[in-house]
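Residue numbers (this note's numbering): 2 to 338. Glycine is no exception: its CB is placed at the ideal position from the N, C-alpha and C atoms. All remarks here apply to the structure that follows.
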Amino acid sequence: MVNRAIYGIHHVTAITSNPQRNIDFYVNILGLRFVKLTVNQDDPSSYHLYYGDELGRPGTILTFFHWPDAPKGHRGASEVMAASFLIPKTSISYWMDRFESKQIKFRGPYKRFDDEEVIVFHDPDGLELELVAHKSSETRSINVWKEGPVPIEQAIRGFYSVTLSEEGYERTASVLADELGFIPTLQDGSRFRYEISTRESHRRGEDDGGANIVDVLCLPYTQQAVIGIGSVHHVAYRTLSDEQQKVLRHNIIKAGLNATPVIDRFYFHSVYFREPGGILFEIATNPPGFTVDERAEDLGTHLVLPPWLESMRKELLEVLPPVQLPKKNEMQHTTEE
């Protein structure tokens, strides 16, 4: 029996023009673990980069397609406008100082929904990101990458939320609520918040990994976004099993939306569909995870390929640009003095 199918955000996938610059920013500036260097399974001549916590747990995973020839993305309606990371409530000053010392421009902090402090910034490709200081960080210490450059007490604890920009929120809200199980909880002007309740999953001992918030920002009369470098390509929501994914896919199709067949991404299984506003959604399974082909201590230290592409390794290495990866012996266990 499927008790509840969606448990929050699984991952966010965006587009970068420069893999080395991307790695340097997310590892050295934000302090995320580099979890996996692999290739885009739909275009193996380009990289697919994965970042997250120690194991790349669902709810912490940010990934990038390397599309060097893609046009620059343009902001607008029908896109994932921002991806937000969770930090401790007391960490705002640390991150402001860190960004200033690294010459990273930012805005804020701003108050949102009374109990959130938000810093807005951009990665080197222009992708809009947020740090959200919130008390829920107290239950997400498992998502800290303890061997990165950021003190453990200040470190990112996976995703907090994503923000979708839409000309109108009603049809998107209907899919979030009726097909994916999100509950409307808050509204502030044109920002509408939807959340997955974790109370029941916590009682059952199921996935309670947080990252369970989607904000829909209603932007009427706004031009459509153009997806490109510095844009989010899609947002994936997590489910526990193939059985749950099958039920979700059935319900999505029954609601009149076009869903792909299940696609084996090796680290998870995927179903894709576009919500009524045009944003690409994915339903991804928690298993099998990123240790299916590497030991936990070796994650992100060399190029890995799914079995069906392994025979192409030599050819791919000839076309993929060289990148310098974080070394295990360079990672420092850091604590605040």
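For Val324, no alpha helix (DSSP H) segment is defined, and its DSSP state is neither H nor E.
With fewer than 16 other Cβ atoms inside 10 Å of its own Cβ, Gln325 counts as exposed. Taking a C-beta distance under 8 Å as the contact criterion, Ala237 and Glu283 qualify as a contact pair. In the three-state DSSP reduction, Tyr27 falls in the helix class (H, G or I).
In chain order, Gly77 place their CB closer than 6 Å to the CB of Gln224, counting only its own chain and leaving out the 5 sequence neighbours on each side. Under the three-state reduction of DSSP, Ala285 is assigned to strand. Its Cα nearest to that of Ala84, the residue Leu128 stands out among Gly74, Tyr111, Leu128, Pro72.
Taken in chain order, the complete beta strand (DSSP E) segments of 3 or more residues contained in the stretch 113 to 200 are 117 to 123, 129 to 134, 160 to 167, 184 to 189, 192 to 196. With distances taken between CA atoms, Val233 lies nearest to Trp68 out of Arg194, Trp68, Ile7, Trp146. Collapsing the DSSP output to three states places Tyr8 in coil. Three or more beta-carbon pairs separated by less than 8 Å link the stretch 139 to 158 to the stretch 42 to 55, which places the two stretches in contact. By the Cβ criterion, the stretch 174 to 181 is not in contact with the stretch 103 to 121, since fewer than three pairs of Cβ atoms, one from each stretch, lie closer than 8 Å. The alpha carbon of Phe86 has as its nearest neighbour, out of Tyr161, Asn23, Lys103, Arg34, the alpha carbon of Tyr161. Taking a contact as a CB-CB distance under 8 Å, the pair Ala285 and Phe269 counts as one, their CB atoms being some 4 Å apart.
The stretch 240 to 256 makes no contact with the stretch 130 to 137; the number of CB pairs closer than 8 Å stays below 3. Residues of the same chain with a CB within less than 7 Å of the CB of Leu31, apart from the 5 flanking positions on each side, are Ile157 in chain order. Here the alpha carbons of Gly279 and Glu171 stand approximately 13 Å from one another. Around the C-beta of Ile184, fewer than 16 other C-beta atoms lie within 10 Å, and the residue is accordingly described as exposed.
In this structure, the CA atom of Lys103 is about 25 Å from the CA atom of Leu38. Annotation for Arg192: Asp216, Leu218 place their beta carbon closer than 6 Å to its own, counting only its chain and skipping 5 residues before and after.
For Lys106, the secondary structure class from DSSP, reduced to helix, strand or coil, is coil. The straight-line gap separating the alpha-carbon atoms of Thr292 and Leu300 is approximately 8 Å. A residue is called buried once 16 or more other Cβ atoms fall within 10 Å of its Cβ, and Ala297, having fewer, is exposed.
Residues of the same chain with a CB within less than 7 Å of the CB of Gly182, apart from the 5 flanking positions on each side, are Arg5, Ala6, Ile7, Ile197 in chain order. Beyond the five residues adjoining it in sequence on each side, Arg113 comes within less than 6 Å, by CB distance, of Val119 in the same chain, given in chain order.
Excluding the 5 residues flanking it on each side, Asn259 has same chain C-beta neighbours closer than 8 Å at Phe274, Arg275, in chain order. A straight-line Cα-Cα distance of about 15 Å links Gly229 and Val13. When only Cα atoms are considered, Pro322 and Asp126 end up about 18 Å apart. Spanning the alpha carbons of Pro308 and Ala174 requires a straight line of approximately 39 Å.
Membership of Val248 in the alpha helix (DSSP H) is indicated by the continuous run 243 to 255. Checking the DSSP bridge columns, you'll see Val13 partnered with Leu63, Val236.
Counting the other CB atoms within 10 Å of its CB gives Leu249 a total of 16 or more, which places it among the buried residues. Taking the Cα positions, Glu131 is about 28 Å away from Arg266.
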